[in-house]
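Some notes on the structure that comes next.
2 protein chains.
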Amino acid sequence: MSSHKLCMIPGPIEFHEDVLQAMATPGTSHVGPTFIPVLGESIELLRQILFTSGQPFIIAGSGTLGWDMTACNLIEAGEDVLVCNSGYFGDRFGECLETYGAKATHLRVPIGESPDLAAVSAALKTKKFKAITITHVDTSTGVLSDIKGIADVVRRESPETLVVVDGVCSVGSEEIRMDAWGIDVVVTASQKALGAPPGLCVMGVSERAIQVFKNRKTPVANYYANWTRWLPIMNAYEARKPSYFATPAVQNIFALHVSLKQIVAQGIEKRFAVHKEASAKAKKFIHDLGLTLVPTSLDHAANGMSAVYYPEGVTATDLLPKLAAHGIVAAGGLHVEIAPKYFRIGHMGISVTEPERGHLDATLNALKASLVECGYKGAL
Amino acid sequence: MSSHKLCMIPGPIEFHEDVLQAMATPGTSHVGPTFIPVLGESIELLRQILFTSGQPFIIAGSGTLGWDMTACNLIEAGEDVLVCNSGYFGDRFGECLETYGAKATHLRVPIGESPDLAAVSAALKTKKFKAITITHVDTSTGVLSDIKGIADVVRRESPETLVVVDGVCSVGSEEIRMDAWGIDVVVTASQKALGAPPGLCVMGVSERAIQVFKNRKTPVANYYANWTRWLPIMNAYEARKPSYFATPAVQNIFALHVSLKQIVAQGIEKRFAVHKEASAKAKKFIHDLGLTLVPTSLDHAANGMSAVYYPEGVTATDLLPKLAAHGIVAAGGLHVEIAPKYFRIGHMGISVTEPERGHLDATLNALKASLVECGYKGAL
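Shown next, in the form of structure tokens:
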């Protein structure tokens, strides 16, 4: 496809040719011997990638469905949840929790800041929280939250509180060690640093959280998202046995399987490192252009994306079409309070693990050229 | 893929090469100009295929998610729903409705029978039903329900009752005319006669049902399946404008779009006719082999699949591996009461609209050969 523009938004990302080839797998029975080991092995690979002995789930749906899965399976009506809110996705996760009867207390931080450990500690003292949610990387701001630090605080202050991480924009690009760090739930999706097309909700759930689910007193108020139905299905596929609840997205799972194998083969530790390196390079380039990141410090800036304020005199309608003309698709702002003031680029997956593809260099060079075309002089 | 066996189960089906090619579309922004018209036009094509001026929805998930969408958006807690139950999927839809607080009354028919219009009429007189659900083709039994006849009865006996059709195994292979027949909801999925890989929940909702949704008194008790969020998204894409709630399954929608265009280009009326012809051919072949269908009459046997009892002395463990050795993947039984006694084959999509592919002939010949290998003499 010569007309293809590089998809350098913070998800969906650019996908490996072998992943795309797997998307084109011919019609295959969801309960047959060709597919069963593919889903079974994908579940096992996710355990390695999330560093957990817990239970992965791979379900047809968007990452958003993982919020419903968390809310309807782990929280019972009337229970309190502390939402560490670092942007758009904290607001939305809170809404989802409240839909299922949870009482959400938002610990909001100013735009560009990350949740403060002392503030989390103080909030945990105010009442008994069933769970705390943290947006690991808020895709709307590019802010990286310190999930290890927060999980530490929770384990110290309120050991029974479940630690839930929205890792939609972090799994595969940011360091996560579920069991070692005491994280109970990671919600993610296929289309970001897991490197497969959108359409799969992917989760990791600690054994402790599965026990909390099994001990709940009230029925789960959702049908499609109900782990009562999905847990036996995931167990069956992992045991290489057919089982049926709802038809899985067979081709998407073939594709995810290819990508998960690539991730493990390349090495997960190395993956964390190359995303950090690529991000540092992108952020230095952005800084040298005289531009300002939305995150107020590099210490809490995501490694898989950059959210950047337009310089004075440049707007979305100026910059984004010029980037597109250079063959680069970037994203506009999403956080409602500052949406027209900033743009976002993704640097995840093959665009950074295979630098010989030149995606990031092409993106940064196109950014510089486009800014010049916009009349920006800044630090050029 | 020389090792590919024909997927002749009642969904997922065999997919067209152009559909599979679209699944391999490179990473593409879900809010960019390449994708927006693809989803927008898919919505428009679904209106044509469902013969409705109502609102289509295309959402990442399995067909099962369409039950949740129906239950949580259209039914309020405590309301009565009449479930025309012709197999496994009636039981499950009933469970889903009850999860959201509906009171499900099951109108059960014996295995292999289809719901009787007089019984529907009588049931409608017993109380006020908010909705009636009908499994158009129960994939577990291959029974075809008379949705036109039932909708007629409902309009006469209880005009305000919403007519909800589970068309997962019928849309694209059985005649459905939503507006002319007075059908309010059709739930389906991508992987059967719509001809695209699994992973998309597809719905058509009448204008009347959308009004019922808009006039509901209680909030929708689901986040991901909530039409309050999805309706503006569908409207935006149809207006060719970007909008975001949850990331759509971009590649799956590219693939669905190709298949929907093929369906409309080939002619919807012709599609109904060729599925009837192929089914008649399959059923005659099965009859001539001395085998018995699960549906008790050809008048209510599905046109997109056949559910067939094993002849005496033949079992699933005999027949299905032999079919596989002949390159044909068929499905075992699913209805819990008779599961080990029958098998199922699908004849939908390109396997019947493009008979030059020889899929159905290959399947029927393999069936005959496999039965002989099983020692079956019957009517051979």
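Chains as they are written, first to last, in our numbering: chain B, 1 to 380; chain G, 1001 to 1380.
Here a beta-carbon is modelled for each residue, glycine too, at the ideal position from N, C-alpha and C.
All values reported here derive from a predicted model rather than from experimental measurement.
Beta-carbon neighbours of residue i, restricted to chain G and to distances below 9 Å
i: TRP67/B; result: TYR1223 and TYR1224
i: GLU14/B; result: PRO1026 and GLY1027
i: THR353/B; result: Simply none; closest approach about 14 Å.
i: PRO159/B; result: Within 9 Å Cβ-Cβ: nothing; PRO159/B doesn't reach chain G, min ~28 Å.
Unbroken beta strand (DSSP E) run spanning residue i, endpoints
i: CYS201/B; result: 200-205
i: ASP1166/G; result: 1162-1166
i: ALA1131/G; result: 1131-1135
Identity of the residues DSSP links to residue i by a beta bridge
i: THR1052/G; result: The partner list for THR1052/G (beta bridge, DSSP) is empty, contrary to what the question assumes.
i: HIS106/B; result: VAL83/B
i: CYS7/B; result: VAL329/B
i: SER306/B; result: ILE345/B
i: VAL1186/G; result: VAL1165/G and GLY1204/G
i: LEU39/B; result: LEU39/B is not bridged to any residue.
i: LEU1293/G; result: VAL1308/G
i: ASP1138/G; result: VAL1143/G
Where residue i sits in the DSSP three-state scheme
i: ASP1116/G; result: coil
i: SER1279/G; result: helix
i: GLU1174/G; result: strand
i: LEU320/B; result: helix
i: ILE1059/G; result: strand
i: MET1/B; result: Residue placement at MET1/B is poorly supported in this model, since its pLDDT is 45, which falls under 50; the coordinates still yield a value, given next. Looking at MET1/B - three-state DSSP - the assignment turns out to be coil, as it is neither helix nor strand.
i: ALA1299/G; result: The question names Ala, but residue 1299/G in the sequence shown is Asp. Three-state result, ASP1299/G: helix.
i: PRO12/B; result: coil
i: LEU1380/G; result: coil
i: LEU1256/G; result: helix
i: VAL250/B; result: helix
i: VAL314/B; result: coil
i: VAL143/B; result: strand
i: LEU97/B; result: helix
i: ALA1077/G; result: coil
Range covered by the alpha helix (DSSP H) that runs through residue i
i: GLY1346/G; result: First-last for GLY1346/G: 1342-1346, but that is the beta strand (DSSP E), not the alpha helix (DSSP H).
i: THR64/B; result: 64-74
i: THR1363/G; result: 1359-1373
i: GLY1149/G; result: 1147-1157
i: PRO197/B; result: Element bounds for PRO197/B: n/a, residue is neither H nor E.
i: ARG216/B; result: First-last for ARG216/B: undefined, no H or E at that position.
i: ILE1233/G; result: 1227-1238
i: GLU1019/G; result: Strictly speaking, residue 1019/G in this sequence is Val, with Glu absent from that position. Where VAL1019/G is concerned, the enclosing alpha helix (DSSP H) stretches over 1017-1023.
Nearest residue (CA-CA) to residue i, options the options
i: PRO1321/G; options: PRO1311/G, LEU1360/G and ALA1366/G; result: ALA1366/G
i: ARG1225/G; options: GLY332/B, PHE129/B, VAL81/B and CYS72/B; result: Note that residue 1225/G corresponds to Ala in the displayed sequence, not to Arg. Per the Cα distances, CYS72/B.
i: SER53/B; options: ASP184/B, GLN191/B and SER351/B; result: ASP184/B
i: ALA362/B; options: ALA330/B, GLY378/B, GLY142/B and THR105/B; result: ALA330/B
i: GLY1027/G; options: VAL220/B, ASP166/B, HIS4/B and SER170/B; result: HIS4/B
i: VAL1205/G; options: ILE1049/G, LYS1270/G and ILE1263/G; result: ILE1049/G
i: PRO33/B; options: GLY358/B, ALA239/B and ALA193/B; result: ALA239/B
i: THR1247/G; options: VAL168/B, LYS377/B, THR25/B and LYS261/B; result: VAL168/B
i: LEU1046/G; options: ILE1268/G, PHE1213/G, ALA1324/G and CYS1374/G; result: ILE1268/G
i: GLN1055/G; options: ARG1155/G, VAL1220/G and ARG1208/G; result: ARG1208/G
i: GLY142/B; options: ALA301/B, LYS368/B and ALA316/B; result: ALA301/B
i: GLY1078/G; options: ILE1059/G, GLU1277/G, LYS1128/G and SER1114/G; result: LYS1128/G
i: ILE1150/G; options: ARG1229/G, ALA1122/G and SER1243/G; result: ALA1122/G
i: VAL19/B; options: ASN235/B, PRO10/B and LEU256/B; result: LEU256/B
i: ARG1344/G; options: TRP1067/G, MET1023/G and HIS1335/G; result: HIS1335/G
i: LEU1287/G; options: PHE1272/G, SER1306/G, ASP1152/G and ALA1273/G; result: For the sequence presented, residue 1287/G should be read as His rather than Leu. The shortest Cα separation from HIS1287/G among PHE1272/G, SER1306/G, ASP1152/G and ALA1273/G belongs to SER1306/G.
i: LYS1038/G; options: ALA1236/G, LEU1097/G and PRO1012/G; result: The question names Lys, but residue 1038/G is Val in the sequence shown. Considering only alpha carbons, the answer is ALA1236/G.
i: LEU291/B; options: ALA249/B, LEU144/B, ASP299/B and TYR309/B; result: TYR309/B
i: LEU82/B; options: VAL165/B, THR105/B, VAL220/B and GLU95/B; result: THR105/B
Residue i: contacting residues in chain B (beta-carbon distance under 8 Å)
i: GLU1095/G; result: TYR223
i: GLY1063/G; result: ALA246 and THR247
Under 7 Å from the C-beta of residue i: neighbouring residues of chain G
i: GLN191/B; result: THR1247
i: MET203/B; result: Chain G residues near MET203/B: none, gap ~13 Å exceeds 7 Å.
i: MET23/B; result: MET1023, ALA1024 and GLN1251
i: THR99/B; result: ALA1221, ASN1222 and TYR1223
Neighbour list for residue i in chain B, Cβ cutoff strictly below 7 Å
i: ILE1009/G; result: SER29
i: HIS1004/G; result: PRO26
i: LEU1020/G; result: ALA24 and PRO26
i: VAL1329/G; result: SER29 and GLY32
8 Å Cβ cut-off: residues of chain G touching residue i
i: PRO198/B; result: HIS1030, ALA1060, THR1247, PRO1248, ALA1249, VAL1250 and GLN1251
Within-8 Å CB hit, residue i to chain C
i: PRO1295/G; result: No chain C is part of this structure, whose protein chains are labelled B and G.
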